[in-house]
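Student: Residue numbers (our numbering), protein chains in the order written: chain A, 1 to 224; chain B, 1001 to 1224; chain C, 2001 to 2224; chain D, 3001 to 3224; chain E, 4001 to 4224; chain F, 5001 to 5224. Glycine included, each C-beta is placed from N, C-alpha and C at the ideal position. Quick one: the structure is below, and I'll ask about it shortly.
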């Protein structure tokens, strides 16, 4: 029943990862066909953080953070930890000591479908976390889990090496092998939005810009 | 099964609306007899926003934001959108493009019993939103709903033209036809509170100010 | 069926209380054997508050804040109110007038397994509150409860005079009679953490610092 | 701040009410355009109950069941109580004594966005209840509310005299003045369903019966 | 950090325990002043079970059922296990093998603020369980907890030897030292209810039986 | 943005599927290393159902059941539908007409991370459903999704052709390619349990059968 640590994982091109981070969650999620969002309860511990990074995944028992230590050894510069407990848990698996260790190795953040603590210190350290809970409840180190296996985190499948995009709107996962294509689609979407933003700001209506009036009438919308 | 857009709605006197905004949610809600609060899960996307505005209501299918475009055409200066999905949903119906369109028409905010996205941009734009969720999950434009019909939003009935008062304490609805009377009661309440604040700050007890000791004894309270 | 007000309660040594506040929730909770946390839904109304204080407890009916007035008379400098409703409730039992009264008597905050309102004013007043909800929904004053009896608040037993430690990571209760010993253990823990922080910042791994590798292998962890 | 009891309310034609009860919730809800459902958390205390009845509404404070006694006096044969607390509550407002009183007056059930107790006795009495919770937590009789005013119950607006349809699929409200038309539409729907049921049972596909294939292809569905 | 097993606990008089079981949860809870209810989410795995029993308490880590084995050795005839996890958990700590062991020792049931599994077998065995969840998710045996220490279970303090009363209305705890007095009060309440039941069945109104009309008028209730 | 229907999927050996159904959820889940459980909120619409079947998966928009019709054409004898909405939804996607169609094609049940309706009819038809909600709220047929693609349903990854095991303890997924090995492990587990059941029934303690006493002492458990 022992766990597994996969030591060599592939990651997406760093330029692609960086580009996805610039686009942000809402745009990336639309660009890949409205998929990949983790559940809405995954919230940042402070406002304004925005990143994209390669996932080092952790499957951990409830209330046991042993595997976080194991996972940090697998982290390379630009990686983010993605922790999924094997059953629902809000305990505080991660705090400022582990964040110190992450930063020492170039790790850039944490996505955790559970709790985090020391959030004041993490904020000072500029170490962003998206979590289900902020909670000081401590954990033990008794049961092994696995690192760099596919996990379901907050309702989304995350493979090791997939790209995580996260900002104030939540967390989105992009498949590693689709990352370049999604970036291209996201860039196009951004350009198109810029034009629409100007027209809307000038007072034009979406009804006209998107030519919705006829289709609305066909679907039976009535003005009274 | 098509929807309806009501184009002419009555609104409360702008001075009354503004006055209610100055009083804030807690005072207004008390002044009208402890009624009108939307559910406590309706939270602002940033702290410190405070407003009162006339409701343009939207009844929308889950995961379909088509009616937001329709509703914006009905918005006049000082209006706020109030969106209720026809079944529970946390999708992000609204983002920075729609907010741009709202501001171009004089719209001042959004109350949504669902999700919102692009919250960093909305914050920069000073466009306040009270929502059930912050979530980038996108929506489609396939099914019609209705605009400016009565809706139940986060557990409260909102009629088109009702006054929405919102701040960090939540969201309260005031019936359009009761708005002037509620404002008057709220103003009186504020005056009375000012006096009490001074006495409490000076160390007097509420037990004495409100003459509660005798009634407490009657109800059986015992000091040991 | 009348309630009870216990007027004389014992409190912990003020220096011990102050010391626990400096250590913070995560450290104190670990130092006493990973116990005492209130539920994770207890969140501060603003970031950055951090305190320790002696509990004046309130058992109150749902939607009835009469006992808060009664409790404030029992508050001494350095105390914090801890309110537990007798059945689940999110109503706003407490606002800026009551906070004014608390501050006039030296009270330093509120822990409430229910709602709070006037949070903008409370923030300005530097009056910290950890609550289940922010909600303007008002309360009545019709039914008596009790003050300074043991209560279960957000899943944790709190006795009058117990020490409450609260910060951005949540709320923890320390038994009055264990407070000095817990402080001593917390101080030791802090010192040990400081050393580990330096080693981790220098790039050493927790796996090595805590000598975990052998035990992980024994438990069956495999590297592939 | 006192409450109101409206003593004379209009009810729908008893034959129409009975007819709606035969159709059941799913059919009635579809027949009126997919509207009127109370929230999904409203569950029956036992399986198999099915009814339609005229609503006598109650707006009650949290944890206070005084108004139930007041409301029962307003009940006529074939009526059902619909209780909405003024803020969320799960207390057990209603038990076997009140059910005895209801049955003595011809009342047929209870819809309550809160708790109910004595459910074993209620089951034996054949007194159906749809509630948010089963919970013995008791209530007080200290604060007045209102009877036969419009209420929002479990997210749906219910006016006194509206028709409540309830079964194992949940609870649906039909406006009194629309009840006859909804019944007619429901009857038609039932007839149409009977034909489809036979064809589906014979192995025909909905794709063919409803002629969906072409429209699916237009919307971009691809078979691989 | 090791746990503790308290081997000798006091229990209430078996006749008193049996008497409380006959009265049922709603009556017992009222008789002791509307206190002692565990949270409303504690539901029986099958309908119709009704019991009172002496509590053998378990404080267990999340996802670790080792202490259940330890606790069963402490069980005497007529005891019930009361398990509280140290942080929220829905894992299935208990199944048919442990129930077999319990029954072999005279144990009569389980109260668990977490999950249970093998519920079909437990139903066949007539082994009642009140739980937060039914869930097959398994647990480990790695971390010690404690047996027969005071625990907070589903929001209520339970001491070892306290009396648990449970039926379809939920779970209530009665202090061991108050059990006899509560039984007496419950018996009186039952007798009084019997008389009221007859009068209500005969069509008398609670408004008259309890003489509420005058007090309602005083509080401002108006009939229109 | 159109969807995809995968028409040819592999299924596990029918004898293996049947064997897993006999073992039940708790045993199968343990036998494969405590993995594969869908979330605990997935509950059966009636007690006593127990099955194993091959998954035909559906990814559907919120509030849109069009893809159910598409999926039924892909169903073969012994299959079960597994529906995951693309964002959280409790609408009633499925009722008795669709169940009639399923049974006509040999389909044996439904797993749905959303709502179901007509549950009285489904019970009569012996058509088992495990769902997040029972809710009559209707759906539309406007937006395409996909059939027989991998989905995350109630927190678990389900591939088309994976084996679903479901009973009163919840729902578990077994990878198609691991099904035979899991069955073998489950059979062994069952045999071992039978022996333990007898010893426990005879009064032996788990502490002795599993030789736990020494290890408990090592971990610091103290008897007092």
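1. Excluding five sequence neighbours on each side, which residues of the same chain lie with their C-beta closer than 8 Å to the C-beta of residue 7 (chain A)?
2. Within 8 Å of any Cβ in chain A, is that where the Cβ of residue 5071 (chain F) sits?
3. Taking residue 1037 (chain B) and residue 1156 (chain B) to be in contact with their CB atoms under 8 Å, please state how far apart those CB atoms are, rounded to whole angstroms.
4. Near residue 4139 (chain E), which residues of its chain fall below 6 Å by C-beta distance, leaving aside the five closest residues on each side in sequence?
5. For the ligand SAM, is there any heavy atom lying closer than 7 Å to the beta carbon of residue 2110 (chain C)?
6. Along the chain, where does the alpha helix (DSSP H) that runs through residue 4115 (chain E) open and close?
7. Just the Cα atoms here: how many angstroms apart are residue 4106 (chain E) and residue 5213 (chain F)?
8. For the alpha helix (DSSP H) containing residue 4101 (chain E), name the first residue and the last one.
9. With contact counted as at least three CB pairs below 8 Å, one residue from each stretch, are the region 1010 to 1024 of chain B and the region 1170 to 1182 of chain B in contact?
10. Is residue 1121 (chain B) closer than 8 Å to residue 1048 (chain B) when the C-beta atoms are compared?
11. What's the call for residue 3988 (chain E), buried or exposed, on a 16-neighbour Cβ count within 10 Å?
12. Please determine, among B:1024, B:1005, B:1132, the residue with the shortest C-alpha to C-alpha distance to residue 1173 (chain B).
13. On a Cα-Cα basis, can you pick out the residue from F:5030, F:5137, F:5013 that is closest to residue 5186 (chain F)?
14. Taking 8 Å as the cut-off, does the region 3046 to 3060 of chain D touch the region 3079 to 3086 of chain D (at least 3 CB pairs, one atom from each stretch)?
15. Just to confirm before moving on: does the CB-CB distance between residue 1051 (chain B) and residue 1129 (chain B) stay below 8 Å?
16. Could you tell me whether the Cβ of residue 2034 (chain C) comes closer than 8 Å to any Cβ of chain E?
17. Using a Cβ-Cβ distance cut-off of 8 Å, determine whether residue 184 (chain A) contacts chain B.
18. Helix, strand or coil for residue 3209 (chain D)? Go by DSSP, reduced to three states.
19. Of all Cβ atoms in chain A, is any one closer than 8 Å to the Cβ of residue 2046 (chain C)?
20. DSSP on residue 1009 (chain B), reduced to helix/strand/coil?
21. According to the Cβ coordinates, are residue 5011 (chain F) and residue 5040 (chain F) closer than 8 Å?
22. Between the region 4132 to 4153 of chain E and chain C, which residues of the former have CB atoms less than 7 Å from a CB of the latter, in chain order?
23. Within the 8 Å Cβ cut-off, does residue 2059 (chain C) reach chain B?
24. Starting from residue 3091 (chain D), find everything on chain C with Cβ-Cβ shorter than 8 Å and list it in chain order.
25. Taking its Cβ as the centre, do 16 or more other Cβ atoms sit within 10 Å of residue 1076 (chain B), making it buried, or is it exposed?
26. Do we get a CB-CB distance below 8 Å when we pair residue 1095 (chain B) with the residues of chain A?
27. Would residue 5070 (chain F) pass as a contact of residue 3216 (chain D) if the rule is Cβ separation under 8 Å?
28. Give a yes or no on whether the C-beta atoms belonging to residue 4096 (chain E) and residue 4118 (chain E) are separated by under 8 Å.
29. Based on the DSSP secondary-structure assignment, which residues constitute the bridge partners of residue 5130 (chain F)?
30. I'd like the span of the alpha helix (DSSP H) that includes residue 1234 (chain B), first residue to last.
31. Counting only Cβ pairs nearer than 8 Å, list the residues of chain A close to residue 1105 (chain B).
32. Is it buried or exposed, residue 208 (chain A), if we count other Cβ atoms within 10 angstroms and call 16 or more buried?
33. Could you compute how far the alpha carbon of residue 3161 (chain D) sits from the alpha carbon of residue 5176 (chain F)?
34. Could you list the residues in the region 4105 to 4120 of chain E with a C-beta less than 8 Å from some C-beta on chain F, going in chain order?
35. Could you give the DSSP three-state label for residue 198 (chain A): helix, strand or coil?
36. Would you mind sorting residue 4192 (chain E) into buried or exposed? The rule is 16 or more other CB atoms within 10 Å of its CB.
Tutor: By the coordinates alone:
1. 74, 148
2. no
3. 7 Å
4. 4063, 4064, 4065, 4091, 4093
5. Absence of the ligand SAM is noted for the structure shown, with no ligands found whatsoever.
6. No alpha helix (DSSP H) holds residue 4115 (chain E); the beta strand (DSSP E) holding it covers 4109 to 4116.
7. 22 Å
8. 4096 to 4104
9. yes
10. no
11. No information on residue 3988 (chain E) is available, as it lies outside the stretch 4001 to 4224 that chain E covers here.
12. B:1024
13. F:5030
14. yes
15. no
16. yes
17. no
18. helix
19. no
20. coil
21. no
22. 4152
23. no
24. 2062, 2087
25. exposed
26. yes
27. yes
28. yes
29. F:5044, F:5111
30. In this structure chain B extends from 1001 to 1224, so residue 1234 (chain B) is not present and cannot be described.
31. 203
32. exposed
33. 55 Å
34. 4105, 4115, 4117, 4118, 4119, 4120
35. helix
36. exposed
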